[in-house]
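2 protein chains.
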Amino acid sequence: MDFMSENQQKKTSKSDRTRAQILEAARLLFAKHGYDGASIRDVAAHASIDPAMVIRYFRSKDELFARAAVVDLKLPALRVIDRTAIGKTLIRRFLEIWEDPANGTGMAILLRSATSNEFAAEKLRDVFANQVRPLVAAVADPADAGRRAGLISSQLLGLAMCRYLLRLPPVVALSHDEIIQTVGPTLQRYAVGEDVP
Amino acid sequence: MDFMSENQQKKTSKSDRTRAQILEAARLLFAKHGYDGASIRDVAAHASIDPAMVIRYFRSKDELFARAAVVDLKLPALRVIDRTAIGKTLIRRFLEIWEDPANGTGMAILLRSATSNEFAAEKLRDVFANQVRPLVAAVADPADAGRRAGLISSQLLGLAMCRYLLRLPPVVALSHDEIIQTVGPTLQRYAVGEDVP
DNA sequence: TCCATATGCCAACGACTGTTGACAAATGCA
DNA sequence: TGCATTTGTCAACAGTCGTTGGCATATGGA
Chain A
1 MDFMSENQQK KTSKSDRTRA QILEAARLLF AKHGYDGASI RDVAAHASID
51 PAMVIRYFRS KDELFARAAV VDLKLPALRV IDRTAIGKTL IRRFLEIWED
101 PANGTGMAIL LRSATSNEFA AEKLRDVFAN QVRPLVAAVA DPADAGRRAG
151 LISSQLLGLA MCRYLLRLPP VVALSHDEII QTVGPTLQRY AVGEDVP
Chain B
1001 MDFMSENQQK KTSKSDRTRA QILEAARLLF AKHGYDGASI RDVAAHASID
1051 PAMVIRYFRS KDELFARAAV VDLKLPALRV IDRTAIGKTL IRRFLEIWED
1101 PANGTGMAIL LRSATSNEFA AEKLRDVFAN QVRPLVAAVA DPADAGRRAG
1151 LISSQLLGLA MCRYLLRLPP VVALSHDEII QTVGPTLQRY AVGEDVP
């Protein structure tokens, strides 16, 4: 048992490393150029390996993309925070996510491809349904949670589009504090404002 | 003279008609599948014509896309409208644009491709700089116009993404009145709110 | 040391892409 | 009626794509 697990580890440790290299290269290129724009040959070149290996480790480009497009927002539980600071908390977490290489890359991958790749679009709707919406349901009437979460997502996805993908100059130039001060109140109102539903 | 002008018209009317058919098919498919997803062969098939003709009428796929991605928002001059109704006016016009086949298709073409096609991204930034920003500059301090217009664009592009491209169910379900009532105040604040800049 | 297995490269496949040039039919003018 | 120009089709080009199978090499246990 002991040596078997050791063997298992050593046997796979080499392949796991190249596997990770491929995945990292794939995440980088999918985030930069989208699903169609990033070819398997490009990914292989970035990982310094033969294109055939990419298919051997991940069975197809679709499967590689699915592995690369994993997103866990780790959103804070809004129940426990100050009810008057929901908007600012959300927008702060949003900036953290997008400007941290690990999570930001994942979101960029999805958003870049969601407009022309149905799988990515479905995955993005999943993130909304399983990570954003439940969070809103915890602080607002669950009957309105969908609508409220939808409005919040529209503002956040739009901000991400303009700032990180489209790179609209005035939006890129905004500081964190400016964004928090301007977008925070919008999210606050969408989340719990009484004039919204 | 009579029949000559008729002939002249007929000479060009034939080619102009197929030209228009090709352009219409291209707009439809670019809006639906994006730049990469719509092939020249697809466009030709939709226009019931040979692929070679598409290249003959428009010199290349890039040029065809450029012709298809023309957008004129025809935004109202905000100077003349009620200063307290700027937000509602903007969001009303937004809904008109996107749900009218002619203009909505143009915006869909740009937005679908902007995430993975640099030309489309640049074109979208142009729409912002030449159509949205000057409009905001007319009602707010021109020094803040860029930032204000950027925030407005982030909300509007995000809404378009969620409602028309991503088709996020709760956002699709919103009625026009609900959107006007919820998003209008956001835009109003971004446009002229004193706590924004 | 020998052998099985894991890891990797190479060449090629079939499909699809944008684009081109040669050739056929239609059209309009003399 | 002839002739020239327009309008269109067809086949093929060169390139890229995802994917596959065969073959070399390296690794690690017996």
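Quick mapping for you: the protein sequence lines, in order, are chains A and B.
Mapping of the first sequence onto our numbering: position 64 corresponds to residue 64, and the numbering continues sequentially without gaps.
Adding 1000 to a residue's 1-based position in the second sequence gives its number in our numbering.
Idealized CB from N, CA, C, for every residue including glycine.
Here the structure is a predicted model, which is why all the values come from computation and not from measurement.
Requested in this report: Specify, as a first and last residue, the run of the alpha helix (DSSP H) that THR186(A) falls within.
Outcome: 176–192
**Report entry** Distance between GLU194(A) and PHE1119(B) (C-alpha atoms, nearest Å)
**Finding:** 42 Å
Query raised in the report: Any beta-carbon of chain A closer than 8 Å to the one on GLN1131(B)?
Result: no
Query raised in the report: In its own chain, which residues sit with a C-beta less than 8 Å from the C-beta of ARG41(A), not counting the 5 before and 5 after it?
Result: PRO51
Query raised in the report: Just checking my contact of ALA38(A) with LYS123(A) at CB under 8 Å: how many whole Å lie between their CB atoms?
Result: So it is not a contact: roughly 16 Å between Cβ atoms.
Query raised in the report: Nearest chain B C-beta to HIS33(A) closer than 8 Å, yes or no?
Result: yes
Report task. Could you name the residues of the same chain whose beta carbon sits closer than 8 Å to that of HIS46(A), not counting the 5 residues immediately before and after it, in chain order? Result -> ALA25, LEU28 and LEU29
Query - Continuous alpha helix (DSSP H) assignments of at least 4 residues falling wholly in the stretch 119–174 of chain A - result: 133–137, 142–160 and 169–172
**Report entry** Inter-residue CB distance, ARG147(A) and PRO1169(B) (contact presumed, cutoff 8 Å)
**Finding:** Incorrect: roughly 10 Å between the Cβ atoms, too far for contact.
Report task. Less than 8 Å between the CB atoms is what I'm expecting for LYS88(A) and ILE180(A), so what's the real figure, rounded? Result -> 6 Å
Report task. Ignoring anything shorter than 4 residues or poking outside the stretch 52–93 of chain A, list the alpha helix (DSSP H) runs there in chain order. Result -> 61–68
Report task. Can you give me the start and stop residues for the alpha helix (DSSP H) that THR105(A) sits inside? Result -> 101–114
Query raised in the report: Just curious, the alpha helix (DSSP H) that ASP42(A) is in, first and last residue?
Result: 40–46
**Report entry** Coil, strand or helix - ASP1195(B) by DSSP
**Finding:** coil
Query raised in the report: How many Å lie between SER1013(B) and ALA1020(B) at the Cα?
Result: 10 Å
Query - Assigned secondary structure, ASP1050(B) (DSSP; H/G/I helix, E/B strand, else coil) - result: coil
Requested in this report: Compute the Euclidean distance between the alpha carbons of PHE58(A) and ALA108(A), then round it to the nearest angstrom.
Outcome: 21 Å
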